[in-house]
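Worksheet for the structure shown next.
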């Protein structure tokens, strides 16, 4: 049971760091970068993959957590 909480917290940390990075890279948009170029850019950045990995880990931890109601 404690393992699921640990997996959830690790996933949360990864999702936060990846999400903050994606939002920080949105500062390129006012400079004149198009949305297409923005998505191509973040697809090439490895730290932006932390967000979906973190969401995936949180989903696994939530769905596998024992529910004894």
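Residue numbers (the numbering used here): 2 to 70.
Backbone N, C-alpha and C fix where the C-beta goes; we use that ideal spot for every residue, glycine too.
All values reported here derive from a predicted model rather than from experimental measurement.
At least 3 beta-carbon pairs within less than 8 Å: the segment 23-37 vs the segment 61-69:
Segment contact: the segment 23-37 against the segment 61-69, fewer than three CB-CB distances shorter than 8 Å; contact not assigned.
Applying the 10 Å Cβ sphere with the 16-neighbour rule, what's the burial state of residue 55?
With 16 or more other Cβ atoms from the protein chains shown falling within 10 Å of its own Cβ, residue 55 counts as buried.
Helix, strand or coil at residue 53 [DSSP, three-state]
Residue state, collapsed to three classes: helix.
If you run the structure through DSSP and keep just helix, strand and coil, what is residue 27?
DSSP, reduced to helix, strand and coil, places residue 27 within a helical segment of the structure shown.
Could you please give the first and the last residue of the uninterrupted alpha helix (DSSP H) stretch that includes residue 41?
Element bounds for residue 41: 36-44.
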